[in-house]
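Residue numbers (mature numbering (1 follows the signal peptide of the UniProt record, and there is no 0)): -15 to -1, 1 to 412. The beta-carbon is built from N, C-alpha and C at its ideal position, and this holds for glycine as well. Quick caveat: nothing in here was measured; it's all calculated off a predicted structure. Quick notes on the structure that follows.
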Ligand SMILES: [Zn+2]
């Protein structure tokens, strides 16, 4: 029996990330509009996981399973598209990420939530309760609703006036809407620390009411422990032949829904049955609507790419686009001042103008329409200083820095949006 258990444990360790054994990351470099479309369509046809889109001047990254590598390479070569294999076998990097995070966690003896590793759903849940107990005058935990699999989706309200002062602006920040973007969690946890536990700039808590939703997609997040690159929620009702669960929650909001996303459940950008068909998106909608008269700033934290993006996902600019751009640049500059030199400077702009591809049904687009005159999607950096880590993988040494530098940007955005709110300049 003992032997069997040992074998199971051993096999369990070996089997981790087996799903990705032989998957390669390609960097694809396109040189024309035709090549851009050709590559994008082919990647979609092959149901590849596109990590970033290739556009002229900006190589894209795509994850290609072993069985599809030949057909993918042949296609690129036939069409004279330049590429290189950036990572031969992503499983090795996944194993390395586990190893680094485990040894960083073992070195730390801190019992409170720190920034030495990425915390689990259960740990974050317990932390929110702990904060509500320790700081009852400023913190409350709210159950927004439940995920597809029935997990509580809970957020913090941080306020010195119990959200009763209607003259105060509200700032909302969320992370992990895309579950594999692990480095976004320290950004919200760091904000919580600086607003509740270790307050050094009290104007931020005195003048602003905060809503912080650290784990917007709990089912997906928990599933990343099994499948590290899981992005969507875990809805099963759209499955095709028992395959392809999940909806891309950042395509499930009600703004030009379904126009620049996928109707195929097997695609990473599958948009669901209709706007807010998914309970996780509905929870966020309800928070936004509840605070629509006071929400000054909405921040949806994603990774990767070092970008601050503003609406709309189809390239149409909101009436206050100039202010959005200005405050976006100010946030980016604040981050760039303290970022690690090995990471590139932030890029600021409209979603379509920066990414050069359209996206519909985004949370940020919905928020600016309904409530928040300042609404941004952050794309935190992929830490590249280590040859082992790229894209969505997290280097433990970068976790606290990700929280710290993003907070520098958030502060600037929050103060600017709050000032506009007080001056009645909000659009
Ligand atoms: Zn994302």
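- Judged by DSSP secondary structure, residue 22 falls outside any beta strand (DSSP E) and instead within the alpha helix (DSSP H) spanning 18 to 30.
- In the structure shown, residue 324 adopts coil according to DSSP, grouped into three states.
- The beta-bridge partner set that DSSP reports for residue 363 consists of 286 and 293.
- When secondary structure is reduced to three states using DSSP, residue 50 falls in the coil class, being assigned neither helix nor strand.
- Comparing C-alpha distances from residue 365 to each of 169, 340, 211 and 302 shows the shortest one belongs to 169.
- In the assembly as shown, residue 113 is a buried residue. Its beta-carbon has 16 or more other beta-carbons within 10 Å.
- Taken in chain order, the segment 162 to 191 contains no complete beta strand (DSSP E) segment of 3 residues or longer.
- Taking a 10 Å sphere around the C-beta of residue 65, we find fewer than 16 other C-beta atoms and assign the residue as exposed.
- If you ignore the 5 residues before and after residue 127, its C-beta comes within less than 7 Å of the C-beta of 139, 140 and 142, all in its own chain and listed in chain order.
- In this structure, DSSP gives residue 138 an extended state, which the three-state scheme calls strand.
- Each residue's CA atom was taken as its position, placing residue 103 and residue 359 some 29 Å apart.
- Here residue 403 is buried, its C-beta having at least 16 other C-beta atoms within 10 Å.
- Between residue 215 and residue 247, the C-beta gap is not smaller than 7 Å, which leaves the two residues out of contact.
- Residue 346 is positioned such that its CB atom lies closer than 7 Å to that of residue 236.
- Cβ atoms of residue 39 and residue 13 come within 8 Å of each other, at about 4 Å.
- The DSSP-derived three-state label of residue 149 is coil.
- If you check the CB distance, residue 222 and residue 208 do not come in under 7 Å.
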